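Student: Each protein sequence line maps, in turn, to chains W and Y.
Residues in the first sequence are numbered from 57 upward in steps of one, following my numbering.
Residues in the second sequence are numbered from 57 upward in steps of one, following my numbering.
Glycine included, every Cβ here is placed at the ideal spot set by N, Cα and C.
Quick caveat, the model's predicted, so the values are computed rather than measured.
Sharing a structure, written as structure tokens. Questions coming.
2 protein chains.
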Amino acid sequence: MSESVQLDPVDWQILSILQDDASITNKALADRVGLPTSSCHERVRRLRTAGVIDGIRASVNPAAVGRGLQAFIAVRLRPHRRDMIESFTAAVLELPETLALYNVSGPEDFFLHVAVVDSTDLQRLIIDDLASRPEIAHCQTHLIFDRPLVTSMRPYPDTHTGPTTGWRNRGSTP
Amino acid sequence: MSESVQLDPVDWQILSILQDDASITNKALADRVGLPTSSCHERVRRLRTAGVIDGIRASVNPAAVGRGLQAFIAVRLRPHRRDMIESFTAAVLELPETLALYNVSGPEDFFLHVAVVDSTDLQRLIIDDLASRPEIAHCQTHLIFDRPLVTSMRPYPDTHTGPTTGWRNRGSTP
DNA sequence: AAGGACGCCCGGATAGAATCCGGATAATGA
DNA sequence: TCATTATCCGGATTCTATCCGGGCGTCCTT
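This is how it looks when you write it as structure tokens:
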């Protein structure tokens with residue numbers, strides 16, 4: 057399912073547009089990439105069934121719903137036992153403040169990305185919901201300044217020397 | 057623009073569905089929340105113009121395009137000067153490996169979220185593209201195990217005592 | 001308390017898009 | 001060179017998004 061798929065420049069162009077705004081109509085998308093609607097539609101359908109596009113999602117602006125503050129909380133657990141890891145992740149994913157949880161290597165075990173109302177709310181979250189948990193040994197908080205700078209999935213340039221994801225090069229050279 | 061908006065339970069229900077799958081048709085969405093299509097459409101339109109929904113985006117599965125490894129790189133800069141911060145962020149956002157860049161408080165200055173082919177590729181990225189930059193004092197890499205657990209933006213339960221985002225409670229009680 | 005104004009809900013009509021299908025065409029391998 | 005296969009592409013049909021007008025409940029004003 058996640059076998060690396062060969063993508064040609066038009067596919068990447070489609071991905072670039074859809075990652076930025078997937079509410080565009082197929083007709084407008086087709087016009088922008090210079091394809092008939094049916095071909096464009098077929099491309100998108102293929103990208104979805106291949107698992108390259110694994111979902112179309114609405115992104116909610118946390119600040120617009122009163123969550124003006126975001127933070128990363130680096131969490132270190134007590135000597136790891138599988139059941140403790142599972143109870144920790146289950147509890148964290150239930151919290152409405154949680155945006156994402158990353159299990160990472162290094163001195164910290166987890167990076168927890170949260171969106172809260174303000175610093176008071178963050179303090180409450182850490183004290184009541186995290187530090188009180190027995191499986192947590194240590195928490196370090198990193199406030200996120202401004203809005204995170206998010207980019208989209210882009211191809212390596214074709215001059216790239218490392219392991220390549222390949223190109224299909226379907227009839228693009230006249 | 058980012059003034060906190062009042063949302064009722066139906067709005068949150070719509071947000072929950074659209075954050076999970078925004079490719080759903082308005083008709084199907086309306087059926088799931090128990091509203092006529094026109095009312096549902098109006099709700100969604102309002103959520104978009106209010107900035108609560110700030111975009112509909114396709115999410116690309118990095119593994120499906122040959123980027124099987126993700127990592128956070130915690131970056132510490134040399135004594136901060138604004139121009140150095142700007143040159144650093146500009147350079148990082150140009151890298152095709154960059155997924156997101158967070159400017160954070162704490163001992164580290166930035167968390168850089170990247171998707172690369174494999175550990176060799178990650179090593180190349182750090183050595184060639186990051187450590188070589190004069191404004192970077194230190195990099196600490198945290199490999200991300202498995203797939204990150206991502207949740208969606210959810211409301212606080214109404215029993216929540218902290219600062220509330222409020223409810224509209226539009227005619228939900230017969 | 002009564003009146004008025006505003007916002008929201010809702011059904012229907014129309015324009016436009018998504019989707020399917022068959023033939024044409026180019027790439028691939030023997 | 002020829003057969004095969006995958007993709008491209010145009011058109012027709014079905015479904016959807018979207019707009020519009022009326023009705024109703026609620027809140028504010030006086």
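(1) Within the same chain, show all residues whose beta-carbon is closer than 7 Å to that of L181 of chain Y, passing over the 5 residues directly before and after it, in chain order.
(2) According to a CB-to-CB cut-off of less than 7 Å, which residues of the region 102-121 of chain W neighbour chain Y?
(3) Would you mind stating whether S115 of chain Y and D110 of chain W have Cβ atoms separated by less than 8 Å?
(4) Going by beta carbon distance, what residues of the same chain come within less than 8 Å of H198 of chain Y, once the five residues before and after it are set aside?
(5) Can you list the residues of chain Y that S79 of chain W reaches, using a CB-CB cut of under 7 Å?
(6) Determine whether the beta carbon atoms of Q75 of chain Y and R104 of chain W lie at a separation below 8 Å.
(7) Going by beta carbon distance, what residues of the same chain come within less than 6 Å of E164 of chain Y, once the five residues before and after it are set aside?
(8) Would you grab the beta carbon distance between E191 of chain W and R101 of chain W for me? Rounded to a whole angstrom, and I think it's under 8 Å.
(9) What's the call for D202 of chain W, buried or exposed, on a 16-neighbour Cβ count within 10 Å?
(10) Whole-angstrom Cβ separation of A147 of chain W and T207 of chain Y, contact assumed at under 8 Å?
(11) Roughly how far, in whole angstroms, is the beta-carbon of L125 of chain W from the beta-carbon of D174 of chain W, given that I think they are within contact range, below 8 Å?
(12) Enumerate, from N- to C-terminal direction, the unbroken beta strand (DSSP E) stretches of 3 or more residues contained entirely within the region 72-133 of chain W.
(13) Does the beta-carbon of L149 of chain Y have 16 or more other beta-carbons within 10 angstroms, so that it is buried, or is it exposed?
(14) Keeping to the same chain, check which residues put their C-beta closer than 8 Å to that of A193 of chain W; ignore five residues upstream and five downstream.
(15) When DSSP labels each residue in this structure, what does L63 of chain Y get in the three-state scheme?
(16) With DSSP run on the structure shown, which of helix, strand or coil describes L186 of chain Y?
(17) Between F144 of chain Y and chain W, is there a C-beta pair that is closer than 8 Å?
Tutor: The relevant details are as follows:
(1) Looking up residue 181 of chain Y in the second sequence gives position 125. Hits under 7 Å: E153, V170, V172.
(2) A106, G107, V108, I109, D110, G111, I112, R113, A114, S115, V116, N117, P118, A119, A120, V121
(3) The residue given as residue 115 of chain Y occupies position 59 in the second sequence. The residue given as residue 110 of chain W occupies position 54 in the first sequence. It is a contact, given that the beta carbons lie within the stated cut-off.
(4) One-based indexing of the second sequence puts residue 198 of chain Y at position 142. Around H198 of chain Y: A127, F128, I129, A130.
(5) Position 23 of the first sequence, counting from 1, holds the residue named residue 79 of chain W. Within 7 Å Cβ-Cβ: I112.
(6) Residue 75 of chain Y sits at position 19 when you count from the first residue of the second sequence. Residue 104 of chain W sits at position 48 when you count from the first residue of the first sequence. No, these two residues do not count as a Cβ contact at 8 Å.
(7) Reading the second sequence from its first residue, position 108 is the one you call residue 164 of chain Y. The beta carbon of E164 of chain Y lies closer than 6 Å to those of A130, R132 in the same chain, with the five residues before and after it left out.
(8) Within the first sequence, residue 191 of chain W is the residue found at index 135, counting from 1. Within the first sequence, residue 101 of chain W is the residue found at index 45, counting from 1. The Cβ separation is near 44 Å, so there is no contact.
(9) Along the first sequence, read from residue 1 onward, the residue named residue 202 of chain W stands at position 146. The residue in question, D202 of chain W, is exposed, as its Cβ has fewer than 16 Cβ neighbours within 10 Å.
(10) As a working mapping, residue 147 of chain W is identified with position 91 in the first sequence. As a working mapping, residue 207 of chain Y is identified with position 151 in the second sequence. In fact, because the Cβ distance is near 13 Å, the residues do not count as touching under 8 Å.
(11) Here the question's residue 125 of chain W lines up with position 69 in the first sequence. Here the question's residue 174 of chain W lines up with position 118 in the first sequence. About 6 Å separates the two Cβ atoms, so the contact holds.
(12) 109-116, 125-133
(13) Looking up residue 149 of chain Y in the second sequence gives position 93. Taking all protein chains shown into account, L149 of chain Y has fewer than 16 neighbouring C-beta atoms within 10 Å of its C-beta and is therefore exposed.
(14) For the purposes of this step, residue 193 of chain W is taken as the residue at position 137 of the first sequence. Excluding residues within five positions, the ones whose Cβ falls inside 8 Å are R132, L133, R134.
(15) Residue mapping note: residue 63 of chain Y aligns to position 7 of the second sequence, counting from 1. Looking at L63 of chain Y - three-state DSSP - the assignment turns out to be coil, as it is neither helix nor strand.
(16) Working through the second sequence from its first residue, we reach residue 186 of chain Y at position 130. Reduced to three states, the DSSP call for L186 of chain Y is helix.
(17) Translated into the one-based positions of the second sequence, residue 144 of chain Y becomes position 88. By this cut-off, F144 of chain Y is not an interface position.
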